[in-house]
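Notes follow once the structure below has been shown.
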Amino acid sequence: MSYKIFALSRPGEKYAKRGFSCQDSSGTCKKNGVQIVAVADGHGADDCFRSEIGAAIAVDTVFREALPLLYDENLPFSEQGIKNFKYTLWQSWRNAVKKDWDSRLAFGGIGEHEPRYELVSEKYRLRYQEESEKYLYTAYGTTLLAAIAIKDELLLLQIGDGSAAVLYANGLFALPVPPDEENFLNVTTSLSDGNADQKIRHAVLPLDRDSACANVASETYPVAVFLSSDGVDDCFPAYRNEEYLYKFYQVLTETAIDKGSEALYEELANNALSEMSDKGSHDDISLGVMLASDREILQKAYREISLPQSRMEEESVEEGEEA
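According to this note's numbering, the sequence shown is numbered sequentially starting from 1.
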């Protein structure tokens with residue numbers, strides 16, 4: 001399966017009004033038949049005073065450090081291979097963070113010329129000064145989502161909040177990555193955790209239409225993937241978050257079919273994402289997108305979409321009857 005891919009991040013009022021740069025980072029990579037989209041959301045907490053750097057490093061790590069380990073003609077995504085990849089990804093991120101920490105330390109010390117360091121709690125200032133080797137990763141804390149398409153399989157990886165939504169060829173939306181019980185309200189797992197490799201969740205989906213349909217009556221291979229930071233998710237009601245997200249992605253899919261993926265990117269980049277943040281979460285916002293290059297496949301899946309729309313229409317009817 002070949003995809004058209006793009007990713008973008010936009011700042012929100014939540015951190016901009018505090019003088020912070022955008023805490024999110026995102027990007028795409030195409031190389032040797034591998035297609036990758038990644039989204040990272042730096043925590044933005046006072047003690048995580050370099051979280052935007054941690055997010056940028058996370059995205060870069062997926063592309064630069066781990067990409068050579070992904071392609072295996074015999075076992076593209078074996079369970080052991082995925083386990084090894086998670087560990088390598090985490091360690092590569094930690095190594096890059098430590099390098100950044102040491103380079104800044106060499107040119108002036110902890111927090112030198114960094115306004116955000118003034119907000120760090122006394123507890124963490126002591127930790128950074130006295131036990132930096134143990135705690136320095138907290139300063140760069142970030143979540144990470146990645147979608148990696150290789151040959152006939154798609155690997156979804158996630159640590160922390162946000163979501164990885166898939167539109168299948170049969171018109172159904174789903175969140176294939178298992179949920180994380182440690183994510184609750186403003187608490188989330190992070191690449192800065194001491195055992196982060198064990199907290200990275202994943203899902204592997206077949207991209208080969210024949211193998212995907214071998215044991216089922218309907219087509220279940222992914223024709224679109226949407227990776228979103230919680231800045232996107234929080235624009236919609238928490239109690240029906242998935243339904244509203246799917247409706248949003250339905251609209252994006254329709255736009256891509258009618259106008260093309262390039263036009264969709266321009267609309268999101270110029271206005272849509274920023275307006276969503278302004279009217280919704282007020283948070284920094286990131287979205288990564290993979291759309292089937294074959295327009296007919298995408299169009300067929302779109303025609304099958306009905307559940308999210310019908311539920312919202314039922315709600316509108318009920319509200320009208322009550323009025």
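Yeah, the Cβ is synthetic: ideal placement off N, Cα and C, and Gly gets one too. Keep in mind the model is a prediction, meaning the values are calculated, not measured.
For residue i, is the classification buried or exposed, using 16 other Cβ atoms within 10 angstroms of its Cβ as the cut-off for buried?
i, result
"LYS4", "buried"
"ALA212", "Unreliable placement is indicated for ALA212, whose pLDDT of 43 sits below 50; the coordinate value is still reported in the next sentence. Looking at its Cβ environment, which holds 16 or more other Cβ atoms inside 10 Å, ALA212 is buried."
"PHE20", "buried"
"GLY109", "exposed"
"HIS113", "exposed"
"PRO178", "exposed"
"PRO115", "exposed"
"GLY33", "exposed"
"SER293", "exposed"
"ALA40", "buried"
"ASP208", "exposed"
"SER2", "exposed"
"ALA165", "buried"
"TYR265", "buried"
"VAL216", "Residue placement at VAL216 is poorly supported in this model, since its pLDDT is 42, which falls under 50; the coordinates are not used for a value here."
"SER103", "exposed"
"PHE107", "exposed"
Starting from residue i, trace the beta strand (DSSP E) both ways and give me its first and last residue.
i, result
"ALA351", "Not covered by the structure: residue 351. The range shown for the chain is 1 to 323."
"GLN158", "153-159"
"LEU8", "3-10"
"ARG233", "Checking the displayed sequence, the identity of residue 233 turns out to be Asp instead of Arg. Note, ASP233: premise wrong, no beta strand (DSSP E); alpha helix (DSSP H) at 230-233."
"SER25", "24-31"
"SER163", "163-168"
"LEU205", "201-206"
"ALA40", "34-41"
What residue range does the alpha helix (DSSP H) around residue i cover?
i, result
"ILE82", "79-106"
"THR61", "51-64"
"LYS259", "241-259"
"SER132", "132-135"
"ASP278", "273-279"
"ALA16", "13-16"
Can you find the residues in the same chain that come closer than 6 Å, C-beta to C-beta, to residue i, ignoring five residues on each side of it along the sequence?
i, result
"ASP197", "LYS86, TYR87 and TRP90"
"GLY44", "TYR15, GLN23 and SER51"
"TRP101", "LEU136"
"ILE305", "GLY171 and GLN250"
"CYS29", "ILE36 and PHE63"
"PRO11", "CYS22 and ASP284"
"CYS235", "MET276, GLY280 and SER281"
"ALA146", "ALA38, VAL62 and LEU157"
"TYR117", "PHE49 and GLY111"
"ALA269", "LEU8"
Could you tell me how far apart the beta carbons of residue i and residue j are, in whole angstroms, since I believe they sit closer than 8 Å?
i, j, result
"SER192", "THR255", "Actually they are not in contact, since the Cβ atoms of SER192 and THR255 sit about 36 Å apart, beyond 8 Å."
"SER286", "GLY231", "7 Å"
"GLY288", "ALA38", "7 Å"
"VAL223", "ILE297", "5 Å"
"ALA58", "LEU144", "5 Å"
"GLY54", "GLY42", "5 Å"
"LEU227", "GLU153", "Rounded, the Cβ-Cβ distance is 17 Å, inconsistent with contact."
Going along the chain, which residues of its own chain have a beta-carbon closer than 7 Å to the beta-carbon of residue i, five neighbours each way excluded?
i, result
"ASP47", "VAL120, SER121, TYR124 and THR138"
"SER96", "First, the amino acid is wrong: residue 96 is Ala here, not Ser. Correct list, in chain order: ILE57 and THR61."
"TYR302", "THR253, GLU254 and ILE257"
"GLU65", "SER92"
Beta-carbon within less than 8 Å of residue i's beta-carbon, same chain only, minus the 5 sequence neighbours each way: which residues are those?
i, result
"PRO237", "TYR244"
"TYR168", "ALA174, GLU219, THR220, TYR221, PRO222, VAL223 and ALA301"
"PHE77", "ILE150, GLU153, LEU155 and VAL204"
"PRO176", "LEU156, ALA164, VAL166, ALA203 and LEU205"
"LEU126", "none"
(request) Report the residue ranges of all beta strand (DSSP E) runs contained in full by the region 283-311; include only those spanning at least 3 residues, in chain order. (result) 285-292
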